[in-house]
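First comes the structure, then the notes that go with it.
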Amino acid sequence: MKKILFLIALAFSAPAIAQEDPYMGIIPAPVSVKKTKGVFHFTPETIILVDSPDNKSVRIFKGLLRQAGYSNTVTDINTVDRKRWDMKNSIMLAQNFKGDLPAEGYELEVAETKVQLNGRGSGYFYGLQTLLQLMHKTTNPGYATIPCALIHDNPRFSYRGMHLDVSRHFFDVDFIKRYIDLMAAYKLNFFHWHLTDDQGWRIEIKKYPKLTEVGSKRAQTLVGKIKGGDADVYDNTPYGGFYTQDQILDIVTYASERFITIVPEIEMPGHCRAMVAAYPEWSCDPTQTYKVAETWGEFKDVLCPNEETFKALKDILREVMLLFPGKYIHVGGDECPKDAWKKSEFCRQLIVDSTLRDENGLQSYFIRTIERFVNSQGRSLIGWDEIMEGGLAPNASVMSWRGEAGGIAAAQLGHDVIMTPGSGGLYFDHAQSRSKEEPLSIGGYAPLAKTYAYDPVPAALNKEQQKHVLGVQANLWTEYIATNAKAEYMLLPRMLALSEIAWTPKANKDYKNFSEQRVAKHLPKLEAAGFNYRVPEPVGASDTLANGDKFKIELTPLVEGAKIYFTIDGYQPRETDLLYTGPATLNIPKDKTIEFKTIVITPSGKRSIVNDIQMSNK
Ligand code: TNX
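Here it is in structure tokens:
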């Protein structure tokens, strides 16, 4: 070890002075931030004045202030002498602002003596979130500084979505609320709740109790595959869970208080094993017995497009619509194998009678039938891009997940579109690096930088068609995500990148600034709030190969205050190894390869995976 160290000359220089952050740490970066001189000193004496004390945003803001350790009271401006507004040390939060603001927009002015927020509805709520992000705690409890600035802000897209699959693994009410809290803090506004799938039906339906009695339980779960082989390993443990209608109503209210609309997804006609396990009569072959799925993938046991099934689906959707007041009802529509329909005499006849071309026509027939019903109830149907198979239902919106092609085609036909392509880094079940140390995942590759780089508006669309791109969503499928800690690991920090691609004008996007100056500040705060996250590898270190006799290392941790330790000899780095203190040049001995490994350890002791760079002088 000593010998090798001797051979490589480590020339450290002082770390480069950090550039000033033009967005003052705010995620997502606002439309415009004009910094002015000085700071506002927030103290326990700071008066918080509001013009609408009963407003739901004010209630939420008060709660968040308490949680952050500030105990200031919030005062109705109508009950105090208005002259007090001219007093120093006050924050005025105005909801009844009469001036012009863009949709969901706000303006926030921080001066040395006072702070003024103007906004309406969600804009007001987002302004409060920005204000909270700007409050930097001092060492004195209850005290904070807020840097002076003038901020104008509004979102790029009206649909800013985050999805969660609760079928493959179930997440309880508390977790869902924390998920919603996170979304709200980052100005996301649609929660796509994937409530049903082959592996479990998770929503109480009063008219069809077997959906949860039978459909919410599976006998066991695939744990993983044996390394190097393809043998599956199961856990032999029954698994289940569902939300009662009361719990759902509670969550819907919780979300709506935070300006989040829930898009419930009831999968059909595929991904319905749990449904036909409960009610085999809704399949094309009721003589079979079906089991709630214990493994992942596509299943051939799908719904049959007959009267009885449609009647049941309408009953189910009626209950769903009573629970979820939002505009969109998501009916899945993805990955529906046509085998059962091909085998069914009834389906063959239906194709002839309804002059459909084939089973793809039947998929379209299915979705159109449901769409007519959903529209008749005053709602809009949304589905995965497979709902285009055989022709798109007349008013449907499309979620483009198999790349962008489906979204492009739908927008060209004049349909609204949400972009959520797995290839664009929006599948948060995909791995965050290529390292073998990443936890088991479904596969794929979606590092933070890739998510960040995604632009939801495809170049193939003209100006008119682009208007149909309502926004963007990331999906968290949970086949291999069984715990809250892992869900948060997969979500963070990528959800911060999602929030920026959904909110921030394209011209303001800057990955270096986002990751090094802002994500780095947010992660410790998220940790303090009790969230798990993936400690990113330092900038400048990734799983790479390099050649030459000199190798310059310049590393930046993406968690404020974190330390980077390294080894050059293939050993697993830890706190007892060399501490990186600034840029260094390694001289690589002739004909040798150095294995430069790094680990990031945060102030609280959270550890990154180990990164490996092979440096070769051959
Ligand atoms: C595809 S995205 C699916 C899901 C899986 C996911 C895994 C979509 C509409 N269908 O059923 O969970 O891939 O990444």
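To convert a position in the sequence shown, counted from 1, into the working numbering, add 1454.
C-beta atoms are modelled at their ideal positions from N, C-alpha and C, and glycine is treated no differently.
{"Item": "Proximity to K2006 [Cα-Cα], best of G1994, A1983, R1672", "Value": "G1994"}
{"Item": "Reduced DSSP category for L1503 - H, G, I as helix; E, B as strand; rest coil", "Value": "strand"}
{"Item": "Classification of A1463 by the beta-carbon crowding that lies within 10 angstroms, buried from 16 upward", "Value": "At A1463, the pLDDT of 43 sits below 50, so the modelled position is not reliable and the matter cannot be decided from this model."}
{"Item": "Inter-stretch contact (C-beta, 8 Å, three-pair minimum) for the stretch 1923–1932 and the stretch 1969–1979", "Value": "no"}
{"Item": "C1801, DSSP secondary structure in three states", "Value": "helix"}
{"Item": "Distance, F1624 Cα to A1936 Cα", "Value": "8 Å"}
{"Item": "Any non-hydrogen atom of the ligand TNX within 7 Å of E1933 CB", "Value": "yes"}
{"Item": "Neighbourhood of T1698 by C-beta distance below 7 Å, restricted to the same chain and skipping five residues each side", "Value": "E1658"}
{"Item": "CA-to-CA distance, G1615 to T2056, given in whole angstroms", "Value": "30 Å"}
{"Item": "Whether L1816 touches P1734 by CB criterion (8 Å)", "Value": "no"}
{"Item": "Minimum C-alpha distance to H1869 - residue among S1877, G1860, P1875", "Value": "G1860"}
{"Item": "CB of P1692 within 8 Å of CB of Q1674, strictly", "Value": "yes"}
{"Item": "Which residues DSSP lists as bridging D1607, in chain order", "Value": "Y1560"}
{"Item": "Backbone CA spacing between E2049 and L1767 [nearest angstrom]", "Value": "59 Å"}
{"Item": "Endpoints, the beta strand (DSSP E) within which Q2120 is located", "Value": "Since the first and last residues shown for the chain are 1455 and 2072, residue 2120 lies out of range."}
{"Item": "Sequence ranges, alpha helix (DSSP H) only - wholly within the stretch 1926–1953, length at least 4", "Value": "1938–1945"}
{"Item": "At least 3 beta-carbon pairs within less than 8 Å: the stretch 1838–1846 vs the stretch 1809–1826", "Value": "yes"}
{"Item": "Buried versus exposed, by CB contacts within 10 Å (16 or more), V1774", "Value": "buried"}
{"Item": "Three or more C-beta pairs below 8 Å linking the stretch 1595–1607 and the stretch 1514–1534", "Value": "yes"}
{"Item": "Rounded distance between the beta-carbons of E1721 and D1651, thought under 8 Å", "Value": "6 Å"}
{"Item": "Cross-strand partners of L2040 (DSSP beta bridge)", "Value": "F2005"}
{"Item": "Beta-carbon proximity check, I1783 vs L1867, cutoff 8 Å", "Value": "no"}
{"Item": "Spatial distance of K1781 from S1612 (CA atoms)", "Value": "13 Å"}
{"Item": "Option nearest I1480 by Cα separation, candidates A2016, T2010, Y2025, F1968", "Value": "F1968"}
{"Item": "Residue range of the unbroken beta strand (DSSP E) whose run includes D1619", "Value": "1613–1619"}
{"Item": "Residues that L2033 bridges to, as DSSP identifies them", "Value": "Y2019"}
{"Item": "Residue from P1901, L1757, M2069 with nearest C-alpha to G2004", "Value": "For the sequence presented, residue 2004 should be read as Lys rather than Gly. Considering only alpha carbons, the answer is M2069."}
{"Item": "V1569 to V1852 span [Cα, whole Å]", "Value": "42 Å"}
{"Item": "Under the three-state DSSP convention, the category A1598 falls into", "Value": "strand"}
{"Item": "Residue interval of the alpha helix (DSSP H) (run including A1732)", "Value": "1727–1732"}
{"Item": "Within the stretch 1651–1682, ranges of the alpha helix (DSSP H) (whole runs, at least 4 residues)", "Value": "1664–1667"}
{"Item": "The stretch 2040–2049 touching the stretch 2007–2022, judged by at least three CB pairs closer than 8 Å", "Value": "yes"}
{"Item": "When L1952, D2045, E2029 are compared against R2061, the one with the closest alpha-carbon", "Value": "E2029"}
{"Item": "Alpha carbon of Q1742 to alpha carbon of S2058, nearest angstrom", "Value": "55 Å"}
{"Item": "Nearest-angstrom Cα separation, counted from R1888 out to D2066", "Value": "11 Å"}
{"Item": "Selection from T1823, K1754, R1811 that minimises the alpha carbon distance to K1765", "Value": "T1823"}
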